[in-house]
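A quick write-up on the structure given underneath.
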Amino acid sequence: MKVNRILALLYRDFLIFSRVKWRLAETFYFPITTILIWGLFSIFMGRFAVEAGLIVLVMNIFWNFAYTAQNTTNMSMLEDVWSGGFRQLFVSGITATEFVIARLLFSMIISLFLILVMSIISYYVFDVSLIIQKFSIFTILTFITMISSLALAVIIAALLFVFGREYGFLAWTMLQLFILLSAPFYTVDILPKPVQYISQLMPYTDVFESARNLITTGTVSSNLLLRGFVISISYLLISFPIYYSAFNLARKNGNLVKLS
Amino acid sequence: MKAIEIRNVSKTFKGYGQKFYALKNVSLDITQGEILALIGPNGSGKTTLINIILGLLLPEKGRIKIFGKSVEDASFLENVNLASGEEKFHWMMTVNDILNFFSSVYGLDSSVRKQRIKELVNLLGLSNILKRRFDWLSTGERMRLALAKSLLNKPKVLLLDEPTLGLDPEIAIKIRNEIKKLNKIYKVTILLTSHYMLEVEQLADRFAFINKGEIVEIGEISQFKRKRQTLEEYFVEKVEGK
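The following block contains the structure:
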């Protein structure tokens, strides 16, 4: 693994990101307007049930953060595919590891910047003081969410290598299923019994439950945080072997060439 | 000295539920400093072979060495590069961005990078379009950019896949002259694929005719001059199975 190649890819991703307007819009416009909408909803809900509005707002912060962390990685990859420049990257000696590590780093920087912006808006515009009061827990939840999303991004990248460009839609659809099963606005016991077992294995379930507990009781169980951390790290550890296997499979069946 | 050594390379693909050979026991040697043209009809396996040489595709059987180094070791790419007539880069990147990006990938120091880019920009006449975005470039400019990019790492082996595809004749002549120049000045070994037989006659020292994944014949371009036959006539004969 060569640092100069990772830095070159990182610089290139920033360059492209800053010039492609739809990516800027998708990354910042939608999350920020979503937070504004649900922030206003939380003010309105404050007249009836303070916590309900706050839960919706905070869950949306994590949801948008999770989506951006995953989606940014996969969109960078897809842009290489769509622009036709995919082959040139690998021909220049960039390895599968450098290719994905650069994208994960880029995604981390963009998504952390986004959650900072969303937190500032929530604090200053909607008076959500929880983020500052419980900053350390909020940071841990952010970390778990990020690890989970990056792991998902690596798995989606692997799926693109296996199934080809027509499965590019996974980049913006797969996370929705994970969020649904991770019980964002409701507790896991609302879900049908068999789905509850699946939900327990979802990387975001503990993040959402912790955030809800934080809002309603002011405390979070350390066991819940630890479980969330272990699950997210497990996803990340599993994602890389899947990614490498998929890359090698793509070299065997010609999908790597077809992506170009 | 052998620049490229290809031994018994076979590759199959599955299509419509059937397995077919894209390459079958292909063996080929290319000497250092030589230009060898790989010719054959569409779907004969030319691009598949190039992709295997580049490590983008894994063969089922056989081995390839570049200057004695197996292509299984990715570091061989430091001495190899590719320019294709259909090469694309990100549409929002300028010529300068693209050359700088690949220079960084090749690990060129800032001062070396500037000097190298300047040299190639002058060689290939890109100085007026350095700030132009890729999607604003003409086909000829794109090809010249692809060539400049392919020379950044001073490759010992250059793979040229249809380098003048879709170009106007006067630009194609310019590109051919550049290829000749590269071979003479930098002693680059070139593996060329082309559908333009006149181009092959002008550029190549030898040719390898590939059909249905098999190398049918390897010969010298000069043999056609002796036989008073054109390469185009030979190509048609071979394809029609005469």
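Chains as they are written, first to last, in our numbering: chain A, 1 to 260; chain B, 1001 to 1242. Where a beta carbon is used, it is the ideal one built from N, C-alpha and C, also for glycine.
Cutoff 7 angstroms: residue i Cβ touching any chain B Cβ
{"i": "residue 165 of chain A", "result": "no"}
{"i": "residue 245 of chain A", "result": "no"}
{"i": "residue 171 of chain A", "result": "no"}
{"i": "residue 3 of chain A", "result": "no"}
{"i": "residue 81 of chain A", "result": "no"}
{"i": "residue 19 of chain A", "result": "yes"}
{"i": "residue 92 of chain A", "result": "yes"}
{"i": "residue 39 of chain A", "result": "no"}
{"i": "residue 16 of chain A", "result": "yes"}
{"i": "residue 12 of chain A", "result": "yes"}
{"i": "residue 85 of chain A", "result": "yes"}
First and last residue of the uninterrupted beta strand (DSSP E) at residue i
{"i": "residue 1164 of chain B", "result": "First-last for residue 1164 of chain B: undefined, no H or E at that position."}
{"i": "residue 1153 of chain B", "result": "Careful: residue 1153 of chain B lies outside any beta strand (DSSP E) and carries neither H nor E."}
{"i": "residue 1021 of chain B", "result": "1018-1031"}
{"i": "residue 1066 of chain B", "result": "1061-1066"}
Paired residues, beta bridge with residue i - DSSP
{"i": "residue 1207 of chain B", "result": "B:1037, B:1219"}
{"i": "residue 1009 of chain B", "result": "B:1026"}
{"i": "residue 1193 of chain B", "result": "B:1038, B:1161"}
{"i": "residue 217 of chain A", "result": "Residue 217 of chain A is not bridged to any residue."}
{"i": "residue 1002 of chain B", "result": "B:1031"}
{"i": "residue 1069 of chain B", "result": "B:1066"}
{"i": "residue 1142 of chain B", "result": "In the DSSP output, where bridge partners are listed per residue, residue 1142 of chain B has none listed."}
{"i": "residue 1014 of chain B", "result": "B:1019"}
{"i": "residue 1226 of chain B", "result": "Residue 1226 of chain B is not bridged to any residue."}
{"i": "residue 1133 of chain B", "result": "B:1094"}
Closer than 7 angstroms to chain A by CB, residue i
{"i": "residue 1105 of chain B", "result": "yes"}
{"i": "residue 1088 of chain B", "result": "yes"}
{"i": "residue 1054 of chain B", "result": "yes"}
{"i": "residue 1122 of chain B", "result": "no"}
{"i": "residue 1082 of chain B", "result": "yes"}
{"i": "residue 1023 of chain B", "result": "no"}
{"i": "residue 1008 of chain B", "result": "no"}
{"i": "residue 1092 of chain B", "result": "yes"}
{"i": "residue 1077 of chain B", "result": "yes"}
{"i": "residue 1051 of chain B", "result": "yes"}
{"i": "residue 1067 of chain B", "result": "no"}
{"i": "residue 1207 of chain B", "result": "no"}
{"i": "residue 1058 of chain B", "result": "yes"}
{"i": "residue 1101 of chain B", "result": "yes"}
Contacting residues, own chain, Cβ-Cβ under 6 angstroms from residue i (five flanking each side not counted)
{"i": "residue 138 of chain A", "result": "131"}
{"i": "residue 228 of chain A", "result": "144, 206, 207"}
{"i": "residue 1134 of chain B", "result": "1089, 1091, 1093"}
{"i": "residue 121 of chain A", "result": "35"}
{"i": "residue 17 of chain A", "result": "23"}
{"i": "residue 1045 of chain B", "result": "1022, 1023, 1210, 1213"}
First through last residue of the alpha helix (DSSP H) which encompasses residue i
{"i": "residue 74 of chain A", "result": "50-83"}
{"i": "residue 1084 of chain B", "result": "Here residue 1084 of chain B belongs to no alpha helix (DSSP H); instead the beta strand (DSSP E) covers 1080-1084."}
{"i": "residue 1176 of chain B", "result": "1169-1185"}
{"i": "residue 1113 of chain B", "result": "1110-1123"}
{"i": "residue 34 of chain A", "result": "30-45"}
{"i": "residue 174 of chain A", "result": "170-181"}
{"i": "residue 121 of chain A", "result": "96-124"}
{"i": "residue 1088 of chain B", "result": "Neither: residue 1088 of chain B is in no alpha helix (DSSP H) and is coded neither H nor E."}
{"i": "residue 228 of chain A", "result": "222-253"}
{"i": "residue 5 of chain A", "result": "3-19"}
{"i": "residue 1075 of chain B", "result": "Premise fails: residue 1075 of chain B is in no alpha helix (DSSP H) and is neither H nor E."}
{"i": "residue 87 of chain A", "result": "86-91"}
{"i": "residue 156 of chain A", "result": "135-163"}
{"i": "residue 1212 of chain B", "result": "Taken as a continuous stretch (DSSP letters only), residue 1212 of chain B belongs to no alpha helix (DSSP H), as it is neither H nor E."}
{"i": "residue 192 of chain A", "result": "Unbroken run through residue 192 of chain A: none, as it is neither H nor E."}
{"i": "residue 1098 of chain B", "result": "1095-1105"}
{"i": "residue 1234 of chain B", "result": "1231-1240"}
{"i": "residue 1051 of chain B", "result": "1046-1053"}
Residues near residue i in its chain [Cβ-Cβ closer than 7 angstroms; skip 5 each side]
{"i": "residue 1261 of chain B", "result": "Nothing can be reported for residue 1261 of chain B, as the shown portion of chain B is limited to 1001 through 1242."}
Other residues of its chain near residue i: CB distance less than 8 angstroms, five sequence neighbours each side excluded
{"i": "residue 162 of chain A", "result": "246, 249, 250, 255"}
{"i": "residue 1057 of chain B", "result": "1011, 1048, 1051"}
{"i": "residue 1201 of chain B", "result": "1221, 1224, 1230, 1231"}
9 angstroms Cβ cut-off: residues of chain E touching residue i
{"i": "residue 101 of chain A", "result": "Protein chains A and B are contained in the structure displayed, whereas chain E is not."}
For this session: Tell me, please, whether the region 150-169 of chain A touches the region 237-251 of chain A by the rule of three or more beta-carbon pairs shorter than 8 angstroms.
Result: yes
For this session: Evaluate the contact criterion for the region 1008-1026 of chain B versus the region 1040-1049 of chain B: three or more CB pairs, one atom per stretch, below 8 angstroms.
Result: yes
Exercise. Are the region 1054-1068 of chain B and the region 1224-1242 of chain B touching, with three or more C-beta to C-beta distances below 8 angstroms?
Worked result: no
Exercise. Can at least three beta-carbon pairs, one atom from the region 211-219 of chain A and one from the region 44-56 of chain A, be found at a separation below 8 angstroms?
Worked result: yes
Exercise. Can we say the region 1150-1157 of chain B touches the region 1165-1179 of chain B, given the rule of at least three CB pairs closer than 8 angstroms?
Worked result: no
Exercise. Is the number of C-beta pairs between the region 114-125 of chain A and the region 170-182 of chain A that are closer than 8 angstroms three or more?
Worked result: no
Exercise. Okay, do the region 86-102 of chain A and the region 31-45 of chain A touch, 3+ Cβ pairs below 8 angstroms being the bar?
Worked result: no
Exercise. Counting Cβ pairs closer than 8 angstroms, one from the region 3-16 of chain A and one from the region 163-177 of chain A, do we hit at least three?
Worked result: no
For this session: Could you say if the region 80-91 of chain A and the region 26-36 of chain A meet the contact criterion of at least three C-beta pairs nearer than 8 angstroms?
Result: no
Exercise. Can we say the region 1103-1114 of chain B touches the region 1181-1194 of chain B, given the rule of at least three CB pairs closer than 8 angstroms?
Worked result: no
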